[in-house]
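Chemist: Each residue of the sequence shown is one higher than the one before, counting from 12 in my numbering.
Attaching a single structure in structure tokens format; questions to follow.
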Amino acid sequence: MLADLPLLSFTIWTPIIGGFLVLMSGDKTPNVSRWLALFVAVLTFVISLPLYSDFDSQQVAMQFVERASWISQFNIEYYLGVDGISMPLILLTTFITILVLIAGWEVIQSKPSQYMAAFLIMEGIMVGVFSALDGVLFYVFWEAMLIPMFLIIGIWGGPNRVYATIKFFLYTFLGSVLMLVALIYMYYQSGSFDVLGFQRMPLNMTEQVLIFLAFLLAFAVKVPMWPVHTWLPDAHVEAPTGGSVILAAIMLKIGGYGFLRFSLPITPDASRELDWLMISLSLVAVVYIGFVALVQKDMKKLIAYSSISHMGFVTLGFFTVFMIAANSQANGGELLGMSGGMVQMVSHGFISAAMFLCVGVMYDRLHSRMIKDYGGVVNSMPIFAAFFVFFAMANAGLPGTSGFVGEFMVIIASFRADIWFAVLAATTLIIGAAYTLWMVKRVVFGEAGNEAVATMKDLNKREVLVLSTLLFAVLALGLSPAPLIDVMNTSIENLLSHIVISKIPG
């Protein structure tokens, strides 16, 4: 049985070891490095597929569990496992990494082996974050993610890359310090760093609130939520295309995942008491940041702010569950909201990756991200224009695309919590369409903006392959979300049954 194999360890360590092998191959034979990196990424994706095919969607317990003593003096373990919440995010990680490597195949000419190796190592670390069930192991993977992304932005980034990397590092590192304090406190209370054990541990309200706030700072920075979001636009603008793709498609999801794995199940009473705060911050992200996106002149910044707005739906779906549960007429809206948040995370992974890759295609040809430097791209790049318009429509939530499914589910769930939550959340259908269509109109349509635009070459086969793959993923999830929702529902229902039970002693 595949379930008896250490599939999670293979999925974590294959890209990490492969990354170091690519690094050792050097830049004297760049094509060898590229093909080796692609082979490792494809192999990792193939290894991860049984996590879905052999996953028992009716089982509540963690699956593909691996457990071994690591630092026995402190009862720290190498403890891995997945459920219906983490498994889809692991597959998203292994899938997107392949596309990132293909997208940077010819574009990255400086230190290509180091570039490919950084993404492979980061892939393994991110899979580790999604599968770690020991608090210290989770924290080690969480912090280790910063190193390859720091190098990716710092070495292959834009002219202000030093500022962007330092800001990125400080925000995400400092946000995690209090999380470590919370993990240590719970260790002294329970005697281990077992995350599932933390979820069963009785805590009084004061303890829960303090632990919730400690986790909130770490996860809110990662999502990122307003007002700790300002590092993201700078990081996106300065990062190379691949770095922007991984940031938006995977790293932002780690914050949302943290709320589901730590904040909600460990501190359910504090989550219930502070749901107003989380809902308020989520709605600010959806509405206010949407207006901020509307005035951007840099395409990468526009998409970065768009990401913050769309991720607001994720936390909104997660934290409306308490108000929905209090409403006797809700009729299962809690599951709808939380499932919608999860679908939105996966969907945004596909769409944001595609949007940043489209901007990267144009930047490779014209070396500009400014909207004013384009215009009439459809005249010289009709195939690219078709892809760009499609992904822009998906970003605006067009029915039939994955961008519609998650947002619609969260809006319906919000309606069951409070009609005004739904009204405010639904404004994204207007604001999102406004900033997306404004960008498309000025970049794609009309007469060629200048001679440089008129001479731009259309997509090559490599670029068509990458964008076609994402187009298929966006359509597949948009037209048939059931395969994703079905594997998540049992785990989400189990989480919901857990968080509605008070953990306050006595």
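Don't be surprised by glycine CBs; every beta carbon is placed ideally from N, CA and C.
Since this is a predicted model, take the numbers as computed values, not measurements.
With DSSP collapsed to three states, give me the class of W237.
Modeler: Three-state result, W237: coil.
Chemist: Enumerate in chain order the residues of its own chain whose CB-to-CB distance from L368 is below 7 Å, with the five nearest sequence positions on each side excluded.
Modeler: If we look at L368 and ignore the five residues flanking it on each side, its Cβ neighbours are A114, T252, V256, V477, L478.
Chemist: On the DSSP bridge assignment, give the partners of D145 in chain order.
Modeler: Note: D145 sits in a beta bridge opposite D205.
Chemist: Find out if the Cβ-Cβ distance for the pair G580, G328 is shorter than 8 Å.
Modeler: Residue 580 is absent from the structure shown; the chain starts at 12 and stops at 517.
Chemist: Just to confirm before moving on: does the CB-CB distance between Q210 and P159 stay below 8 Å?
Modeler: For Q210 and P159, no; Cβs fall outside 8 Å.
Chemist: Buried or exposed: which applies to G202, given that a residue is buried once 16 or more other Cβ atoms fall within 10 Å of its Cβ?
Modeler: It counts as exposed.
Chemist: Report yes or no: do three or more beta-carbon pairs, one from the stretch 458–471 and one from the stretch 376–390, lie closer than 8 Å?
Modeler: Yes: the two stretches touch, three or more of their Cβ pairs being nearer than 8 Å.
Chemist: Take the Cβ of Y199 as the centre, count every other Cβ of all protein chains shown within 10 Å, and call the residue buried at 16 or more, exposed below.
Modeler: Exposed: under 16 other Cβ atoms inside 10 Å.
Chemist: Thinking C-alpha only, which one of A175, D280, L435 is nearest L243?
Modeler: The residue with the shortest Cα to Cα distance from L243 is A175.
Chemist: Can you have a look at S425 and say buried or exposed, based on whether 16 or more other CB atoms are within 10 angstroms of its CB?
Modeler: Its Cβ being crowded by 16 or more others within 10 Å, S425 is buried.
Chemist: So what's V76 in DSSP terms, helix, strand or just coil?
Modeler: Three-state DSSP puts V76 in a strand.
Chemist: Report buried or exposed for Q355, applying the criterion of at least 16 other Cβ atoms within 10 angstroms of its Cβ.
Modeler: It is buried - the Cβ of Q355 has at least 16 other Cβ atoms within 10 Å.
Chemist: I'd like the list of long-range same chain contacts for I300, defined as Cβ closer than 6 Å, with 5 residues on each side in sequence excluded.
Modeler: For I300, where only same-chain residues beyond five positions count, the Cβ hits under 6 Å are Y316, I319, S320.
Chemist: Find out if the Cβ-Cβ distance for the pair S282, F324 is shorter than 8 Å.
Modeler: Taking 8 Å as the Cβ cut-off, S282 and F324 do not qualify as a contacting pair.
Chemist: May I ask you to report which of helix, strand or coil DSSP gives I119?
Modeler: I119: coil per DSSP, three-state reduction.
Chemist: Identify the continuous alpha helix (DSSP H) that holds V498 and give its terminal residues.
Modeler: Residues 493–510.
Chemist: Does the stretch 117–124 touch the stretch 31–48, meaning 3 or more C-beta pairs lie closer than 8 Å?
Modeler: Segments in contact, yes.
Chemist: Nearest-angstrom Cα distance between I382 and M450?
Modeler: Going by the C-alpha atoms only, they are around 7 Å apart.
Chemist: Using DSSP with H/G/I as helix, E/B as strand and the rest coil, what is G352?
Modeler: If DSSP states are grouped into helix, strand and coil, G352 belongs with the helices.
Chemist: So, with DSSP's three-state summary, where would you put V33?
Modeler: Reduced to three states, the DSSP call for V33 is helix.
Chemist: Enumerate in chain order the residues of its own chain whose CB-to-CB distance from S350 is below 7 Å, with the five nearest sequence positions on each side excluded.
Modeler: Here the set comprises M420, I496, M499, N500, I503.
Chemist: Straight-line CA distance for S142 to F152?
Modeler: Each residue's alpha carbon lies about 10 Å from the other.
Chemist: Please name the residue in F180, Q69, I261, I82 whose C-alpha comes closest to that of G139.
Modeler: Among F180, Q69, I261, I82, the Cα nearest to that of G139 is on I261.
Chemist: Over what stretch of residues does the alpha helix (DSSP H) that includes E88 continue unbroken?
Modeler: Where E88 is concerned, there is no enclosing alpha helix (DSSP H), although the beta strand (DSSP E) it sits in stretches over 87–93.
Chemist: Helix or strand or just coil, what does DSSP make of M381?
Modeler: The answer is strand: DSSP assigns M381 an E or B state.
Chemist: Please check the pair A129 and I163, which I expect to be a contact at CB under 8 Å, by giving their CB distance rounded to whole angstroms.
Modeler: Yes, A129 and I163 are in contact; Cβ-Cβ is about 5 Å, under 8 Å.
Chemist: Quick check on the DSSP output: the alpha helix (DSSP H) that includes A315 runs from which residue to which?
Modeler: Segment 310–330, the alpha helix (DSSP H) holding A315.
Chemist: Less than 8 Å separating the beta-carbons of A231 and G266?
Modeler: Cβ distance < 8 Å, so A231 and G266 count as in contact.
Chemist: What did DSSP end up calling L82 once you bin it into helix, strand or coil?
Modeler: Strictly speaking, residue 82 in this sequence is Ile, with Leu absent from that position. The answer is strand: DSSP assigns I82 an E or B state.
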